[in-house]
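Here the structure is laid out as structure tokens; the discussion comes afterwards.
Residue numbers (the numbering used here): 58 to 273.
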């Protein structure tokens, strides 16, 4: 369910430097086996207990990308990200460092902080940077990551999906709301400046017929 209009957050609403903490999630045997099957990563360190016991880890550990995926899932359940969901236009970058192993039976949580927000040149959206730190039940940080999201500015037509040209001229429309089948025409400065707004036109006027020679 999408947040009500009054509850939606946009680029200018991002609460910088405020920390949000997710609920916990225990990493299970089933998680590790399922992720190995899904990803095709059957590294012995994750699936072979005898081998893993002979390594400095002393036993099997969870895939690093499994922990990153769990961090993503836990974060999306935060009310602040749920409120941002209608304004999210995409994710452009993720960087992470694994600081300690996560073992089967560990319970992890995420501490999320919005660290930066920068408006793009178009003025219709901005880049928002989040730091997501995963900690286990002993408060040991096992993963430190940075995520960059594209978030729409309040009132921007790019908050909605853009329908490209619908006839010979460049006509534009936007969805009345995300997920709706209803489209509303848009006009005015936003359309007149569509190249700066990052839009494109899918149709053009048909080519003019060749001029007739004066001798014919």
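C-beta atoms are modelled at their ideal positions from N, C-alpha and C, and glycine is treated no differently.
Query, Result
"Inside the segment 65-93 only - beta strand (DSSP E) runs reaching at least 3 residues", "76-78"
"CA nearest to the CA of residue 362, picked from 173, 127, 94, 137", "A question about residue 362 goes unanswered here, because the residues of the chain that appear run from 58 up to 273."
"Runs of alpha helix (DSSP H) wholly within the segment 126-169 (minimum 4 residues, chain order)", "136-141"
"As assigned by DSSP and simplified to three states, the class of residue 179", "coil"
"Whole-number beta carbon distance between residue 189 and residue 210, since they are thought to touch under 8 Å", "Actually they do not touch by this definition, with Cβ atoms about 24 Å apart."
"Of the residues 175, 103, 73, the one placed nearest residue 118, counting alpha carbons only", "103"
"Between the CA atoms of residue 203 and residue 105 - distance to the nearest angstrom", "31 Å"
"For residue 202, three-class secondary structure by DSSP", "strand"
"Pair within 8 Å by beta-carbon distance, residue 157 and residue 90", "no"
"Given 8 Å, three or more beta-carbon pairs between the segment 71-86 and the segment 126-141", "yes"
"Other residues of its chain near residue 132: CB distance less than 7 Å, five sequence neighbours each side excluded", "79, 138, 167, 169, 189"
"Cβ-based neighbour list, residue 155, same chain, cut-off 8 Å, excluding 5 preceding and 5 following", "121, 124, 199, 200"
"Rounded separation between residue 77 and residue 94 - CA only", "32 Å"
"Inter-residue spacing [alpha-carbon to alpha-carbon] between residue 92 and residue 183", "33 Å"
"Local Cβ density within 10 Å of residue 214, reported as buried at 16 or more and exposed below that", "Note on residue 214: pLDDT 46, under 50, position unreliable in the model; the coordinate value appears next. Under this definition residue 214 is a buried residue."
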